[in-house]
Structure formats: C-alpha cells, structure tokens
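Protein chains in written order, with my numbering: chain B, 937 to 1147; chain V, -13 to 318; chain D, 30 to 303; chain C, 6 to 802.
Report on the structure given below.
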Amino acid sequence: MDEVDITRALERSVSRRTFIKGVIAVGATASSVGYLFRGGTPLLAMPAAQGTAERLLTLTVNGQLRRVDVLPHETLAMTLRYKLGLTGTKLGCDRAECGACTVLLDGVPHYGCSILTHQIRGRAITTIEGLQNPDTGALHPVQQAVLDEGGFQCAFCAPGFCMTMVGMLEENPDPTREEAAHALSGNLCRCGDYHKILNTAMRAAQLVRRV
Amino acid sequence: MAIIRDMIPAFDLFQPASVEDALALLAEHGEDAWVLAGGLDTFDWLKDRIKRPKAVVDLSGVEELTGIRDTGAGIEIGAMTPLSRVVGDPRVRADFALLREAAEHVATPQIRNQGTLGGNLSQDTRCWYYRSGWPCYRAGGNTCYASAPKAMNREHCILGRSRCVAVSPSDTAPALIALGARMVVRRAGSESIHEAQDFFIGPATDIQRMTVLRAGDLLTAVRIPEDWAGARHYYEKVRDRGSWDFALVSVAAAFRMDGDTIGDARIAVNGVAPFPVRLDSVERMVVGHAPDEALATEAGELAVAGARPLRHNDYKVPLMRNLVRRAIRSVA
Amino acid sequence: MEILRTAPNPWGQEILVGIGWDLMWLVVISAVLFIVVHVAYMGSRGKAAEDGEVAHGAVHALASDLPEHVKRHSFASRAFHWLMSVTMFGLLITAFVPVMGWQFEWVTLHWIAGVALVVTIVYHIVHSLAFQDFWSMWFSAKDLPQGMEELKHALGAGSGAPPKSGKYPFDHQLYHYAAALVTLAAIVTGVLMMVRVDTPFWTRDPYLLSDRTWGLVYVIHGFAGVSLIGLIAGHVYFAIRPEKRWITWSMIRGWIHRDDYLAHHDPERWVVKR
Amino acid sequence: MAEKLIGKDIAAPDLLAKITGRARYAEDFRVDGMVFCKMLLSPMPHARVRRIDASRALAMEGVIGILTADDVPQVEPHREPVLTNEPVFEGQPVLAVAAVDETTAADAIEKIRVDFEPLPFVLDPLDSLRPGGPDAHTHGNVRVDGEWRRLKWSAADFAEAGDERLPMGEATAEWSLGDVDRGFAEADVIVEETIVHQSLTHHPLEPRTSMAYWQNGKLYAFTSTQSTQRTRGALASALDMDPEDIVFVAEYCGGGFGSKISGSTLMQLPAIFSRKIGRPVMLRITRYDENYIGRARPGFQGWVRMGLRKDGRVTALDLYLVEEGGAYGSGDYGTAGNTAHLMYQPENMRFRAVSPYTNTPPKAAQRGPGGAQIVTMLEPIFDKAARELGMDRVEIRRLNAPGPESTFGPRETPLTSVFAREALERGAELFGWEEKKRLSGTRSGSKLTGVGIGLSPYTAGSRGYDGLMVIRPDGKLYVHQGIGNLGTHSIADTARPAAEVLGLNWDQVEIVWGDSSQGLPRSSVQAGSQTIHAHTRANHAAATDARRKIQEIAARTLGGTPESYTMDGGRVFRRGNPGQGMSFAQVARRAIALGGRYDGHEVPEGIHAETVPSVGRVAGQGLVGVARDDYGGEGAIYSWVAGFALVEVDAETGVVEVKEYTGVADCGTVVHPRSLGAQILGGSIQGMGMAMTQRWVFDPEWGVPFAKRLYTARPPGMLDVPLDLRWDALGIPDPQTPVGAKGIGEPPVGAGAAAITSAVADALGGRCLCRTPLTPDIILAELEGRRTFGRLETHVG
C-alpha cells in the first residue's frame, strides 16, 4: 500500500475528536524496520485503537526531515539510536538522571531517554551529530572550545554536556562560572572532570560572543 | 524483585488536542488510563514495568493547558506549563518569587524544561520500597515495608503517617500552599477547585493516592491569588546533592509584616509527611509577634510537636525545627 | 470475580494478600436480596402476625404461679450484647465503608473497636461459664429433629403450630455458634494483625510471621469480616421483623411476657423458677 | 628542531570523534542480523534454581533462544559465573533470552517462570562472623589459602566489644612490624576509634555493554573495557580459545574506575549466545543491570589505635579491618594495611583483617582500592592525635611521611622515589594553609568552617611490557597501543616519548588502538595507575629500537656508522650535516625492502608471546620498532597527592559544602599537564562523592539493595563540588624510569575524600564521625546527639 494512502486510511479511522496529526511528507520513508522494534507488528499491521496516534512520523532531525515508523511507547533516544543511526546520543541511565542523552528540542535541552518520540512532533531536534556545520564542516563554538580546553575524559557524557552547553549559551551567552555550573547541573560526569568542563563552557561562551 | 526493569511495555497512545477530548478519553478508559504530562514520573513506572496502563493520554498537544495568564485577581498557571517557564515568567518573578525559587530547586535544568507544574504537584512518592514494586499498602498490598523495625527509612516521614510512611516529593507544593494557591480539577462534566493544602491527601484518606485526583480527573490549572503577591518569603530545600535530589526537608513561607511584627504568615513544610504540611498552629503563634530568635525557637519547637521519627530519620525532627526557625528569622 | 488477592512479594514469590473485595459486595448484595425475597415471601403468606402474636391475658393452667414478666436476660447479659454490637458495628463500618469508597482514617478506630470487642467477648465467656446456664445455648443430636422444625418456623416456612423450644430456640443457637466461630476467627487473626499496626504501645513488626502465613491470616480475617456482614444483616433483619419483636424486646427490657413464654417455650426445657 | 612534547597540552587525537558523535562505544556498533538479549536477574540475595519453565517465552514471535547456566563455562563457586543456578546476590543474572528486538526480549523474560528456593543470606560481614551466623555461600563464609572455611567468632568476642567498638575475633590475614605493645608503651598520646566505610558502586557512565558474533570460526567481540589487549586475553581464557582467534574491538570506554579492568564476566555472554544461535548478539546493559553487576568498592568496618610520641612521631599503629567481601570476595584490606604503614611510617605496627563473603553485589577494585578507604578513615583520626599534641597538621604529616630511605609493609618494600613531604609543602602553599587554618572551627551564623588534609599514596607503575610501532612509507610513526582508551588520554600521552626519541612532531604520529586485528603489543592492564609509567617506558624502548634501525638503514644507505646519524622532524641525517640524510618515508620503504628484523618479519628475542603474532600482523608495513621494557628498577612505584579542603558545615542542617580544594601531586615528570590536572581533580571529586554522598543501602529483611538509581546512589554532580579547584604537580622525575613519569589515576581519590573527612571533623571541633558518607542526616544527628543506628551498622539509609 502506498504510504500516503495508509496515512489517509488511518486518519479516517481516527474519531472526530481533534487529535494531533503527524506531518505527512511526500517521499520515501526511512527504513521502517529498525533494530529496536522489529519483533512485534510491522507498520499498520496492528489495528490502531480509536484515536490512537499513528505510527508514521516525520521528524526534523539536525535540519533534515526524516520519516520514521515509531511505536507509541518508543523514546526519542531509542528512535535516534536505533532507527536513525544517530548513536552520538548516549544512554547512560535511561532514567532522566545522567544527561548523556541530552538533545535539543527547538534549541532547549531535554533528556532524550525520557520523552516519547510521539510527543515531539513538529519540534526541531538537534543532536551532537548536528552541531558541525554540514556545508563547511566548521565546528560549533562549543566543539571548538572542547578542543581548545582538551575537555572530557572518557567522554561518554560529552555529547550530552555539549548539547546542554549549546542550549545554555543560546539563553545566556555570557554566564558566570557559577551560572554555567547551574546550567550544566543536569549532566553527570563520572570521571569528575567538572573543572575542565566548566573551563570549556566559559571558553565556548567566549567563542560564541566573538561570532 | 530484580527479574527485569527495562523497556516500556506496549500501550495505546492518545494525543488529544483539547481538554474536553482529554477528559472524554479519561472517562472512557477509566482506571486503564494514564495521564502523561512531562513524563518524568511516568517513565520510571513504565520502564520498571511496575505500572502497566493500557491507554496513555499524552497532554503535550493540549495547548490550552500551557501558559501563565493574569486573571485580574492573581495569575493562573496551566498545569502543563514547564517549570522552566514558571521560573522565567516575569510576573512570577516579580510577585510570587517564592514559587520561582521552589521551582528552580526541582531536579535539573533538563527536567525543568520538560517537567510541568502539574506533574510536579501530582507526582507519586519516592519511597524506595513502593518504587521497587513491592506489594505495600500503597500498591494495594497489606503491609508497609518502610516502617518495619529494621527498615531503611532515612527519607521517610516523621508526621502524618497512617500505615504508609512515604513523603510527598514535590518542591513546588509547599510554595503554592504558602501562597494560598488553588488547584483547578476537571473531570468530564464537572470542575472543582481545591485549596492547595487540600489538594494533597494523606494515606489516612486514601493510601493509594497522593492527591485528590481520581481516575478521570485532570489537574488543569493552578490559580495564585493576589493575597500574597510581593510578600516576603523564605524557601529552603535541604537535600543530599545540589541537583537531582528530592528534599530531605523543605520549607516555604510567606510573610506580611506589620511594622516590626509579623502581620500574617503562611508556612508549609515538605519531606516530613505523606503530604506537604501546612503549619497552621505555627502561623497562629507567630502572627502579631516580632520575629526574634525566641519566637523562631518557639515556632520551631511547635512545628515538630508530635513528630514520630522512624529508625533512620530522627534527624528530620531537628532539621524541620531548624528550617522553620530560619523561616521566622528571615523576616527579623 | 476476585475471591483472593495475590501479589508478588519482594522476592517475586506469589503470596496471598487478602480476600478480593468483590466478596464484600457479593455478601452485601446477597443479604439485601435475601431480605427482599424474605419480606415478599412472608408478606405473601400473611403469616407474620399470627405466628408471633399471642393473645395476652389468657389464663393458662400452668401459668398460674408464673410471674407476668419472665426474666430472660440479666442486665449484665444485655449490657454485653449491646456493647458488643456497638463494637461490631464499629468494626464493620471501619472495615468496609472505606472499601466501599468513603475514605477516612479507619485503622485506629478499627483496632480500638477490635480491642473493645475482645474485652466484651472475654467478659461474655467468663460470665457465661461462671454465672449463666451455659448449656442453654447448647444442643445435641437428639435436639436436631425438633431444631429443624423450629428453624422452619423461624424462617416462616413451617406449618401448624410452632414447636416450643428451650430458652434459646434452635435458630438462635445456630446463629450464636456461627457468629461465635466467625467472630473468634476475626478476633484471633485481628489480634495477630495488631502486631503490624502502629499503636502507642508498641512499634509495628510485620515480620513476626512469614508473609505467606500473614496472607492466610489476612484471608481468614477477610472471610470472617464479610461473613459477619451477612450474619449481622440477617440478625438485624429478623430482630426487627414483627413476629420476632417479643424476643427482641427481651434484649432491651430483660423479660418476656408470661404468655410468650408459654406460647413459645417448652417449660420442661426452660424451667422458670416460680 | 622537533617540538618538545612531554609537558605540553595537546588534545588527544580521538577527541573530535567524541564530540561529533562519531566515537563508537560498544553499544554503538550494529551488524546485519543482530539480535538483542536481556537477562533475568535473581530476585533473591541467595537462592537455588529448582526449575525453569521458558516455554511461554520461547513460543513468542520474535524470540530466538535462551541461554542458561548450563550453556556457560562452569567455574569454581568462588568465581563469578556468566549465568548461575545458585545466585549469591540479588540481581545476579540467571538466564538470558535473545529476540529480534529489545521489547520482545524483555517481554519474554517476564514470561519465564523460575522456581527459586531461598537460601540463608547475609549482608553485614559481622553477622556472618557471629556464632551461628549465616554464610553467604553454601560452602562457607571465608576463603583461607584457597580453601573455604566457616569462620565464626565467639559470643565472648562480640560481648567484649560492646556496641560501640569493633569486635575482633580470629583474623584471616595478619602481619606485624616491630612490637606494637612496646610502641604504645612509648606513646604519649593514644587515639582509638571504630570506623565504618560504606560500600559504593562504581557507576561508570557507560554501562558494560557487549556485542559479539562469529565468522569463519573467529569471534568478533565488542565490549566496554578499560584495557584492550589484556581484555582479549581474559576473554580468550574464559572461553578457552586462542586469543588470536578473537578480533577484539574496544575503541572507547565510557569509564571504568576499576570495574572494567579486563572487561567483565558478562562480556562472555553475547559470545556464547551468538555461538549458540548463530546470530550477532547485543547485550545492552542497563543502568539497572549495571547496579548489580557493575561492581562496588567494598566497605570496611574497622578499628584503629594509634600512638604518638610528644615529638609527633607515630610509635604504634594497630589496625583491624572487617571487609565486606561481597558475593565473590575482595582483597582491598591488604592494600589498606600497606597504605596505612606507608602513610605514617609507624615505628611498630600490627595489621589484622578478615573478609567474609556477603550476599551483596560483587566487589572489585575501585580507583585506589583499599588505599582510598583507609586514607579517608585514618586522616581525621591522625588529626585528632595532632590536636592532642598541639601540632600543626601539615607539620605532623611531614614528620611522619616517608622519605627516600623509607620502606613500607610487611616485606619492608623500598620506593623508587617519594616526594610526599614536598607535595605537602607545595599544597600548603597553594592552598594558603597557614592563613586558612586560622578559620578552623570558627562559626559564622550557622556555618562551621573546617580545613582538612588528605595525604594519599597509591601504586603508580609497573615494568616489563612491550612497545610496538611502525614507520610506514607515508613517513609517519604509527604507535600501536594495547592499552585501553578509558579517558585518561594514555593512548596518546604514552606515545609522546616515542615521538621525542625519534625526533618527530606530533602531527607525524598516529595512534593505532582499540582493535586487536591491527596488531597490538602486550600491555599492562589499564589499572593500578600503571599506564603512564609502564607504557612511556615500553614505547621509549620500542622507539629506541626503531631509532637504532633507522640509523642502521641510513648508514647502510648513505654510508658511515649508525651512530653518526641523528634524526629530526621525520628525517634521519648525518650529525653536523643535515643535507646528507633520508626521509622516514624512504627509510620505511627501505626497511620493507630489507625485510627481516627491519620490517617485523623477524621478531626479537625477549618480547612477550602475545606480542609476537602482533608483530606478524604489522610485518611488511614499514620499519618496525618493537621491544620489551628492560629498563628495570627496584622498589615499588608510588605517586602521592596531598589534598587540602575548606568546608562549611551547616550546624542547623548538617549540610557540608566544599568551598575550596587543592590537590598537589608527586607523580614524576608531567607528560600532559591538562590531562594530569583532570586526573588529580577528577579523582579527588570521586573521593568527595565517596566521603559525602555515595553508598549502597540494603533492606536487612529481604537482602535487597536500594540506592539503585543514580539519584539515590548519589555520585557527585557539578553543584556538589567547589568552583574553586586548584591543582599542581611537583614534576620531579622518578629517577628509575627514562621518562620519569609515574601514574596518577588513583592517589587523588583518597586525597579528595580524606581532605573532606578531615575538614568536617575539624569543623566539628575535632570530633571524628569516623564513618562515610557524611550525609546531612549523619552530621545533624551527631550535632544534635540523636544518633539512632548502631555505631557499626553499614548500608544505612
């Protein structure tokens, strides 16, 4: 069945209540068979309950439109890592505690492990893979600051910290060290590299202000 | 009960775009429905596979539940308003700084970006026995594991216990009580308004709920009247870590001064009982007096009168006493 | 319908937690149905009045030297009965009203009522053994045929003149034993359960018994509790039925009229001192 | 002149990958046909599996197979099996299920019915030592000389101690130096305390995920591990295979701190499972799993008695430790005893210890195992003695710290170098000790100020490993590193001496790491803070070999003696005549042409058997430098960190705020200053977490742990550490190693933790709480005189 037809069929099955509609993009869908949710039902084989969310979503990830088959109970971190191959977003705890999965939704840091992909339709998702300028290859000031300061040790936390820093600088490009510490307090670094991470944040702020 | 605590089991996801539709869905699915706001409490339960709702009603698309507006007689904050928006709101900042401070003490920046005011108020307790899926009273079983003679209960209650000894985890709750807020609760076909302190219920009333909300109910908004706008206030949360930690004890207080004496006061404490505790008797005692050290001491002692600590949380008695003292001292 | 509630314990073992509350509703609904049916049945037979009423004043040969008021219950017995019923109602209300949906802080009231019940029961046992005719509540195999007749009449199903009983009719005896058994079960389990409740006198210890044993204790307590709903509903219903009022009054006034004595009791089996 | 590399800040070459999402950690690998497995964890702390019924799970669509204890290598009961039918801690993996996706695998696990028979369990080692106390294993509660024993102390042992002092029955480990009784007789001041150090989980941010598949009889294994080549060896020996049949990939490791030294037991699981079902298997370890199998630092309950003369010298130290052995035993106590001796150099010492097994998650080395705990516990007690003697705390430490002639431990081991006194002096200066100690015990409002010192030694090196490197025809030096990449930047930093020996600029150096198929040399495990010492030496040796070969090739090609050639910037040339020379690219091609030992076709004598096939893998790629570190040396290699902290204790809430911290290291030559600073401060911060917040909590009735979440286990976050953090290093080279560098990973942990315990005791007027963690409840209860739990109680929460 054609994708668009499927979606229309689904829409018809939805009751008259006003439910959020997935943005329907024309074109081929991303692989609807991810690593994560292959076992159960393939797309649309499962009869949807009245009014339930449709599974085919179009997400804006790092400036690109990506079509994905997303199960209702799938978290954004899982979609990114297992459906879209964006493994830069890490799962440190999967419980909104460590911050390794931090991504930006419309520029604001969120824990990717603790939000359903279905909850963020229409919002722009930025992951660590999206920081570098895709055309020029130029690093984001935050990334440059990491290189300048030799930031991070094991760096499993690094993508999350970088995303939080980007979000922080968007809101406050001239933080004090203390403000930066507060802004970054939702990310854990088990290597205890907080000193260098704060140096990096301050350096990044400098670079951002220079741009 | 180790076995497995991973991967959310399947559910049907409903994403209403209006409160009416949300209420209709909740009415339709009754006990099988689960309200999803910011999800920070929800996903723990689901990933741990302990609570298994059939239908999840996601409120993220209900725009009318988000936002802060001036009602003329105060402000109304939509239940789905993210905590960071509450923190950043100029009106809250100017007139209800107590709420701003409390909201700022919630967990982490990311959680404040995602977590909602309604969710912070309605979240379930963090008792680790209950959260481990043990069949305690709160989970429908016939015992409390946390108050057993050798149980680990440093974070449990010293007041208000009734079979269950868990504590309310909300940081914003005591602030809203101190500000005299009212909670707007709707269900299909009706609306009710609750004083903040009555919104939270103890195990004596219903051991399986933390708030008045029953299946089918939706907390839609919090109204803060002008009464305490611009009042002097005190907020303090004592926790083990500087972020991502619940209060061991927290205090929120609002004061109106009458010259050198306290003209009016509202004081609430959390982390000490299964519900945020409003200290009416302390309020009555301090009004009309100068907030000197003697009054602060007396207030602290009165606040903890009747406290019954468990094996590992005796420290909460002096901690609560001292925080109430500090609150009184703050207006000296 | 949920008869027993189970849950995995902290080690993942499935344990009993208590009875299913559906049982409570089952008993409540059954009791109401029974009463409704019985009222209708009795009404249709129009027997109530004639069975119960005795023409007072008729001089009876045997009655000449009987006092007009035959003493049936001492003050102590009546006091016990009513105190016990207060505690029993207290227990039933604090146990089941919250389950039915009206929430309040029931635990403390419940255990206090339970303690009061235990006190009254202990008093009753001592009193009945030491000061009362213990055997008047007792029946033996030879009493059975007569007892069955009495039972039929008690329910309004008998024909002809009601058979005369001893001091306690057979239905009372049966009821007493059923109630005693169930109440004792509730008391024994309830006293054990006190260990798990915080009181001013001790700190709770849920680990006195294994959680499997506790499950049984809860189930027995639960069954006893819902059984008591049925027993007490029946008791109250019959007590207020018109044909039984003469005997109900005796629990208030302490005596029955000489004529009721002669009409309903066998003087051989209930010997009244003249 | 090529740049000087040692002592410069150069970002590690893998950093860009780490901040663009390109760095692949174990969970980031994907293979066609890959399936997921999930584990069923024991719900009981000690049990026996009677029956497993997996029929409903196996009937599910998408479920591929099951792996049980019967499918995995059988090991002796004191060794941790991959899966078990007799779990000895709650959360131990019992079986695993593979399915096409994770949700199906998790659903399948729930459908499996396992009939467990509960067995007696014990959480507190003292309970196991009580008369008639339970044993954690059915075989006994301690192991002595490789044999199980049931060690029980007498009721009299317990009665004698009372509630407030550690009972001390028969020990299983004991040593003495001098005569401790005589030492106490000579002492003018004697301090005595009972101590409790809680167990705490490692919690590396990356859980120990593994993926594996088989192809043409070879195992391809991807795992999260601190070491690379040595983990391959561990995996091979566990699976009884030739290491050369494993392609082992571990490019990045998201932290280990001792918990992933040579991988983990569970890294075998996907390999075994994959062999059984013929599909690649991913075992994504969750934080929940990690709690149980991710290892923990063992806790101590102990007793210490210390005697000092008026002049401040420690005359006697008597130490008894009861260690929580966990499910599979632990040996931190040994290092603890040695460290205590090393720190204070007591004239007489007695050490006794016992380490009963307990039904708690397995223990393992955690950054500074044994040493960190004992430094944390002893420093405030030592302060107490200083206070009684009226001596300055820096001074008394200087006085007792070891010097160049000192030895330590029962075997009276000498040290290669020690500059502990200098570290103290430099730390005192940088911290402003003289000025800040005046704040000691002062109160401002509700805040009590305290200053503290932690002087912490730890092992810092090893000898005799191999270096392997190739100069390829592109003219670049490829340094092959068998060590791991866990964030210490060692893969790059230990290569710097090689570049310097060969006169290369850093951009002419490439690092080859993380994939055994590329040919990696025999290396140290990346643990024990050895790497910078061991592998600057090994790479120095291999580079020296390469240098010699380059000189020989130059001499062969251009004439003259090898000695007449020198090199710089990627060229070898005649001394005094830079024009006469050849590029390294030319040298590499020439080496390939010459073959034999030049391009690795001939392997030198003396290198490790594990390096030999690796040399074979690089043979022919260019000029091969390969050598064993034969520099030798005598004595133990130790680094030191002197930590200084200023804290404020809120007397009304019990909250401790660390305001300032300074750490100064004696760790030889500084190779990479910024990375060194990160180690000193990062380790210290881990120590602060240990001292202030982190612990395990167990319900004593069920033997089940809480504090399983990060927010309840409480590793420190950014707001829990001071903004004012300072570090420095003495930079005095160790004379016994050509580069002069000693390790630094571990010494800071004890320094950071002890500076806090010492400062908190100072703020409380010298009152030592003598337990960790110093959470607000414990401090407030102490201040208010309301302690409600036992002095020796562990796992309190």
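Each residue gets a CB set at the ideal place from its N, CA and C atoms; glycine is no exception.
TODO: Determine, using beta carbons only, whether residue 632/C and residue 550/C come nearer to each other than 8 Å.
DONE: Taking the fourth sequence and counting its residues from 1, the one referred to as residue 632/C is at position 627. Taking the fourth sequence and counting its residues from 1, the one referred to as residue 550/C is at position 545. Result yes, Cβ atoms of residue 632/C and residue 550/C sit closer than 8 Å.
- Compute the distance between the beta-carbons of residue 489/C and residue 230/C, then report whether it is under 8 Å. One-based indexing of the fourth sequence puts residue 489/C at position 484. One-based indexing of the fourth sequence puts residue 230/C at position 225. Closer than 8 Å, so yes.
Going straight from the alpha carbon of residue 378/C to that of residue 302/C, what length do you get? Residue 378/C sits at position 373 when you count from the first residue of the fourth sequence. Residue 302/C sits at position 297 when you count from the first residue of the fourth sequence. Rounded to the nearest angstrom, the two C-alpha atoms are 9 Å apart.
Item to check | Which of helix, strand or coil DSSP assigns to residue 283/V | outcome: Working through the second sequence from its first residue, we reach residue 283/V at position 297. Correct three-state label for residue 283/V: helix.
Practice prompt. Could you give the DSSP three-state label for residue 187/V: helix, strand or coil?
Written response: Within the second sequence, numbered from 1, the residue matching residue 187/V stands at position 201. Reduced to three states, the DSSP call for residue 187/V is coil.
Just list the alpha helix (DSSP H) runs in the region 57 to 132 of chain C, keeping only unbroken ones of 4 residues or longer that don't cross its boundaries, in chain order. 60 to 63, 107 to 116
* Asked: Does DSSP classify residue 41/V as helix, strand or coil?
  -> As a working mapping, residue 41/V is identified with position 55 in the second sequence. Three-state DSSP puts residue 41/V in a strand.
Notebook entry, point to check: Which value, in whole angstroms, describes the spacing of the CA atoms of residue 246/C and residue 17/V?
Noted result: Position 241 of the fourth sequence, counted from the start, is the residue given in the question as residue 246/C. Position 31 of the second sequence, counted from the start, is the residue given in the question as residue 17/V. Their Cα atoms are separated by approximately 56 Å.
Next on the checklist: Taking 8 Å as the threshold (beta carbon to beta carbon), is residue 978/B in contact with chain C?
Outcome noted: Counting from 1 along the first sequence, the entry for residue 978/B is found at position 42. Note on residue 978/B: pLDDT 42, under 50, position unreliable in the model; the coordinate value appears next. For residue 978/B, the answer is no, since every Cβ of chain C falls outside 8 Å of its Cβ.
Query raised in the report: Can a CB atom of chain D be found closer than 8 Å to the CB of residue 54/C?
Result: For the purposes of this step, residue 54/C is taken as the residue at position 49 of the fourth sequence. Answer no: the Cβ-Cβ gap between residue 54/C and chain D never drops below 8 Å.
- Query: At what residues does the alpha helix (DSSP H) containing residue 199/D begin and finish?
  - Reply: Stepping through the third sequence from its first residue, residue 199/D is reached at position 170. 199 to 222 is the extent of the alpha helix (DSSP H) around residue 199/D.
Three-state secondary structure assigned by DSSP to residue 318/V:
Against the second sequence, residue 318/V aligns to sequence position 332. In the structure shown, residue 318/V sits in coil (DSSP, three-state: anything other than H, G, I, E or B).
**Study point:** Paired residues, beta bridge with residue 205/C - DSSP
**Key:** Walking along the fourth sequence from the start, residue 205/C turns up at place 200. Answer by DSSP bridge pairing, in chain order: 302/C.
Looking at the structure shown, is residue 496/C part of a helix, part of a strand, or coil, going by DSSP?
Numbered from its first residue, the fourth sequence carries residue 496/C at position 491. The answer is helix: DSSP assigns residue 496/C an H, G or I state.
What does the alpha-carbon distance come out to for the pair residue 47/C and residue 719/C? For this step, residue 47/C is matched to residue 42 along the fourth sequence. For this step, residue 719/C is matched to residue 714 along the fourth sequence. The alpha-carbon atoms of residue 47/C and residue 719/C are separated by roughly 24 Å.
**OP:** Can you give me the start and stop residues for the beta strand (DSSP E) that residue 149/D sits inside?
**Re:** Along the third sequence, one-based indexing puts residue 149/D at 120. Careful: residue 149/D lies outside any beta strand (DSSP E), inside the alpha helix (DSSP H) at 135 to 159.
Discussion item. With a threshold of 8 Å between beta carbons, is residue 230/D in contact with chain V?
Written reply: Working through the third sequence from its first residue, we reach residue 230/D at position 201. It does not: the Cβ of residue 230/D has no partner Cβ on chain V nearer than 8 Å.
Which of helix, strand or coil DSSP assigns to residue 313/V
As a working mapping, residue 313/V is identified with position 327 in the second sequence. Here residue 313/V sits in helix by DSSP.
Requested in this report: Within the region 640 to 689 of chain C, note down every full beta strand (DSSP E) run reaching 3 residues or more, in order along the chain.
Outcome: 643 to 655, 661 to 671
- Item | Contacts around residue 141/C, its chain only, beta-carbon distance under 8 Å, and the 5 residues preceding and following it disregarded | Position 136 of the fourth sequence, counted from the first residue, corresponds to residue 141/C. Excluding residues within five positions, the ones whose Cβ falls inside 8 Å are 51, 93, 126, 127, 133, 330, 332, 361, 362, 363, 364.
When Cβ atoms are compared, which residues of the region 126 to 144 of chain V fall closer than 8 Å to chain D? 126, 127, 128, 129, 130, 131, 133, 134, 135
Can you list, in chain order, the residues of its chain with a C-beta nearer than 8 Å to that of residue 42/C? Leave out the 5 residues immediately preceding and following it.
Against the fourth sequence, residue 42/C aligns to sequence position 37. If we look at residue 42/C and ignore the five residues flanking it on each side, its Cβ neighbours are 72, 101, 102, 103, 104, 110, 274, 275, 278, 286, 287, 288.
Would you kindly check if the distance between the Cβ of residue 1016/B and the Cβ of residue 1007/B is under 8 Å? By 1-based counting over the first sequence, the position of residue 1007/B is 71. By 1-based counting over the first sequence, the position of residue 1016/B is 80. No, they are not a contact pair.
Discussion item. My assumption, with CB atoms under 8 Å, is that residue 272/C sits in contact with residue 226/C. Please give the rounded CB distance.
Written reply: The residue labelled residue 272/C in the question sits at position 267 within the fourth sequence. The residue labelled residue 226/C in the question sits at position 221 within the fourth sequence. Correct: roughly 7 Å between the Cβ atoms.
Check: I think residue 473/C touches residue 504/C, with their Cβ atoms under 8 Å apart; what is that distance to the nearest whole Å?
Finding: Position 468 of the fourth sequence, counting from 1, holds the residue named residue 473/C. Position 499 of the fourth sequence, counting from 1, holds the residue named residue 504/C. With 8 Å as the limit, residue 473/C and residue 504/C do not qualify as a contact, their Cβ atoms being about 15 Å apart.
* Do you know offhand how far residue 1145/B's Cα is from residue 518/C's? -> For the purposes of this step, residue 1145/B is taken as residue 209 along the first sequence, with counting starting at 1. For the purposes of this step, residue 518/C is taken as residue 513 along the fourth sequence, with counting starting at 1. Each residue's alpha carbon lies about 38 Å from the other.
Self-check item: Contact check, residue 65/V vs residue 208/V, beta carbons under 8 Å
Solution: Position 79 of the second sequence, counted from the start, is the residue given in the question as residue 65/V. Position 222 of the second sequence, counted from the start, is the residue given in the question as residue 208/V. Yes.
Check your understanding: From this set, 79/C, 54/C, 129/C, 117/C, which residue's C-alpha is nearest residue 704/C's C-alpha?
Key -> Position 699 of the fourth sequence, counted from the first residue, corresponds to residue 704/C. That would be 129/C, whose Cα lies nearest to the Cα of residue 704/C.
- Item | Paired residues, beta bridge with residue 994/B - DSSP | On the first sequence, residue 994/B is found 58 positions in, with the first residue counted as 1. Partner(s): 1003/B.
Taking the alpha-carbon positions, what's the residue 301/D to residue 295/D distance? Reading the third sequence from its first residue, position 272 is the one you call residue 301/D. Reading the third sequence from its first residue, position 266 is the one you call residue 295/D. If I take the Cα positions, the gap works out to 10 Å.
Per DSSP, what kind of secondary structure is residue 468/C in: helix, strand or coil? Taking the first residue of the fourth sequence as position 1, residue 468/C is located at position 463. In this structure, residue 468/C counts as coil in the three-state DSSP scheme.
* Asked: Roughly how many whole angstroms lie between the Cα atoms of residue 351/C and residue 307/C?
  -> Locating residue 351/C in the fourth sequence gives position 346, counting from the first residue. Locating residue 307/C in the fourth sequence gives position 302, counting from the first residue. Cα to Cα, residue 351/C sits roughly 18 Å from residue 307/C.
Practice task
Measure the CB-CB distance between residue 68/C and residue 31/C and report whether it falls below 8 Å.
Solution key: The sequence position of residue 68/C within the fourth sequence is 63, counting from 1. The sequence position of residue 31/C within the fourth sequence is 26, counting from 1. The answer is no: Cβ separation not under 8 Å.
* Asked: From what residue to what residue does the beta strand (DSSP E) around residue 42/C run?
  -> For the purposes of this step, residue 42/C is taken as residue 37 along the fourth sequence, with counting starting at 1. Looking at the DSSP string, the run of the beta strand (DSSP E) that includes residue 42/C is 40 to 46.
> List, in order along the chain, the chain C residues whose C-beta lies closer than 8 Å to that of residue 244/D?
Replying inline: Here residue 244/D refers to the residue found at position 215 of the third sequence. Correct list: empty, because the minimum Cβ distance to chain C is about 16 Å.
Please report the distance separating the alpha-carbon of residue 158/C from that of residue 135/C. In the fourth sequence, the residue the question calls residue 158/C occupies position 153. In the fourth sequence, the residue the question calls residue 135/C occupies position 130. Approximately 6 Å, taken between the alpha carbons.
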